[in-house]
Amino acid sequence: MPGIAKATDGQRIAGVRRRAKYLLIDLELGSLLLHLGMSGSLRVLPADAPRRLHDHVDLQLDSGQLLRFNDPRRFGSLHWLTGDVMAHPLLATLGPEPLEDQFDGAYLHSHCRGRRVAIKQHIMNSHVVVGVGNIYASEALFRAGIRPGRAAQSLTRAQCDALAQSIRDVLTMAIRSGGTTLRDYVGVDGAPGYFRQKLYVYERADEPCRNCSTAIRHRVQGQRSTYYCTQCQS
DNA sequence: CTTTGCACCTGTTGGC
DNA sequence: TGCCAACAGGTGCAAA
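The working numbering applies: residue 1211 is where the first sequence begins, and numbers increase by one.
See the structure below:
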């Protein structure tokens, strides 16, 4: 039995937590740290469920079921941590959770000071704030009326207030809608997320802005697709 | 220290 | 129909 299987064998699951986009499954002697990357999924399946392509890990549960980790692109990860879990290098330097009180305009403004990086890349930096991926970065910037290419240090305090609030709003609304299914994402219940219908800019290149009808602009910024309205965002 | 761009992978799509 | 390039929801790290 290889490393993680041997280290975790027979232990009870004491609890499950989340930090940023990492899932923490706490066992008795340590914690499993799991990230789904771009294409990973976890499914609860019967013990005799046939193996499918890109199934990588099974956690065998007392119930007779399996918790199965499938990840075609293999950008996901699984680590076994012992000791002070939050002190692990992958977790220790993460910024605040966007829906916690510490994340607000004052925090964001102070962390924009002196930063020449584009604001979109800045809010996607997990050392600044966690949980803001490529879809919601574009969406939050649209809602705040800020162009994604603006240098972070150029934002006023009022703009940081608006942006922090937009990040919180867009994430809250997206969670409420079950997430954003672009292609094949489904939630634990197998249902897609419906936030795609509420997107203002993401994957809407050349389509009319929902606010002003100007064609939505697409560009690549930091190797990621970015969408914005030249009229509504400055 | 900040900033930039690459690397890690497979699968799908669209143009020729 | 087939081939090939471009692109996809993330993020850690090396290099400049």
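Yeah, the Cβ is synthetic: ideal placement off N, Cα and C, and Gly gets one too.
Asked: Nearest-angstrom beta carbon gap, Ile-1345 and Tyr-1412 [assumed within contact, 8 Å]; Found: 5 Å
Asked: Contacting residues, own chain, Cβ-Cβ under 6 Å from Arg-1427 (five flanking each side not counted); Found: Tyr-1438, Thr-1440
Asked: Start and end residues, beta strand (DSSP E) containing Thr-1436; Found: 1434-1438
Asked: Identity of the residue in Val-1267, Ala-1384, Gly-1389 nearest Phe-1279 by Cα; Found: Val-1267
Asked: Beta-bridge pairing of Ile-1235 - partner residues as DSSP gives them; Found: Val-1226, Leu-1242
Asked: Local Cβ density within 10 Å of Ser-1376, reported as buried at 16 or more and exposed below that; Found: buried
Asked: Rounded C-alpha distance that separates Gly-1388 from Leu-1252; Found: 16 Å
Asked: Sub-8 Å separation of Leu-1237 and Arg-1227 beta-carbons; Found: no
Asked: Cα-Cα separation between Arg-1414 and Leu-1255, rounded to whole angstroms; Found: 36 Å
Asked: Reference Ser-1435; option with closest CA among Thr-1382, Met-1334, His-1298, Cys-1422; Found: Met-1334
Asked: Best match in Leu-1351, Tyr-1410, Arg-1420, Val-1340 for proximity to Ala-1230 [C-alpha to C-alpha]; Found: Val-1340
Asked: Minimum length 4: unbroken alpha helix (DSSP H) runs contained in the segment 1365-1438; Found: 1367-1386
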